Amino acid sequence: EGSKEYIFRMNVFEKSLIRHAKLNSKTVSIENAQFGINKFSDMTPEEFQVKFLKLKQEPAEPFQPLSLDLWLGNKPIATTE
Amino acid sequence: RTQKVDWRKTNKVTAVNNQKDCGACWAFSSVEIIESMVAIRKGVLAPLSVQQMTDCARFGNRGCQGGNIETALMWLKSTNTALVSSKKYPLTWKTETCKLTNSTEGVTISSHATYGLVQNEEKMVDLIENHGPVAVAIDATLWQDYLGGVIQHHCEMNLNHAVEIVGYDLTGNVPYYIVRNSWGTDFGHSGYLYIKIGKNVCGIATSVSIVDV
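Chains as they are written, first to last, in the numbering used here: chain A, 934 to 1014; chain B, 195 to 407.
In structure tokens:
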């Protein structure tokens, strides 16, 4: 307590509280997500991103109905006259 | 359609992982869908080695520094690598030298695919219901502050995290996916979170991966 790191983390934590209040103020129904203090609340958004958000994925090609149906076990419908 | 599917209820999902300081969400989610498919096809639920995937997968993957679900599955299939149990190749939460290059004991995948299902989330629900859990790329920026409930708004679509979807629930006012995260059981609903179905919330339908074993 009182160290440089402590003061920094306290500031980060207080900013998190402001962010939670903003997010929760937009809640429109009881099914909506709730935001608040959790184990990440003393991390800056930048620290959180560097530590936990490391996926390097591009959007996939839109699905091909036929290939997707093969996964679902649906046989293509035969075309007849 | 079945209104509620939860693959956990039929014992097809292993315990929630904690990736700690290792940014290998791509390896966790890839391995998790393989575990689920082994349980569905063979009736055996057992944790497989995320560390093997982290250390050994190539094609641009960089262990705990980041990677990609699609290329991880591509690597597994094209090299016919057998994924061993997590007991045999346990987690260290660090990128290390690959210790297994030619194991014949373990699980190989028979096929895999990654689809963009934006505006086709009906298909995504079909896959979860009729095939099994899927792995998705997602924007988890907002999750830093998540406590619980169904995420419906305020989520961006910059794909930066990977998770497994283990079911869905269409019975309430807000239909949602049941999403398994890898940040420990003290996050969200015992490690899980809920995301609304239908509007590509958090980019959930942008890149959907499935496997078979």
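Quick reminder that beta carbons are idealized off the backbone N, C-alpha and C, glycines included. Because the structure is a prediction, the values reported are computed rather than measured.
- Using a 10 angstroms sphere on the CB of A:Phe968, the tally of other CB atoms reaches 16 or more, which defines it as buried.
- Under DSSP, B:Ala331 forms a beta bridge with B:Ala356.
- At a C-beta separation below 7 angstroms, B:Trp220 has these neighbours in chain A: Leu988.
- Judged by DSSP in its simplified three-state form, A:Asp975 adopts coil rather than helix or strand.
- With a threshold of 16 other beta carbon atoms within 10 Å, B:Val238 falls short and is exposed.
- Contact annotation: B:Tyr388 and B:Ile398 have beta-carbon atoms that are not nearer than 8 angstroms.
- Straight through space, the alpha carbons of A:Lys955 and A:Lys948 are spaced by roughly 11 angstroms.
- Nearest Cα to A:Glu938 within the set A:Lys959, A:His953, A:Asp975: A:Asp975.
- Every unbroken stretch of the alpha helix (DSSP H) spanning 4 or more residues and falling wholly within the stretch 283 to 327 of chain B is given here in chain order: 315 to 324.
- Beta bridge pairing from DSSP links A:Pro995 with B:Gly310.
- Around the beta carbon of A:Asn944, a 10 Å sphere encloses fewer than 16 other beta carbons of the protein chains shown; the residue is thus reported as exposed.
- With respect to the 8 angstroms criterion, B:Ile263 and B:Ala331 are classified as neighbours on the basis of their beta carbons.
- By the CB criterion at 8 angstroms, B:His355 and A:Phe973 fall outside the cutoff.
- Within the stretch 357 to 385 of chain B, the runs of beta strand (DSSP E) that reach at least 3 residues and sit entirely inside it are, in chain order, 370 to 374.
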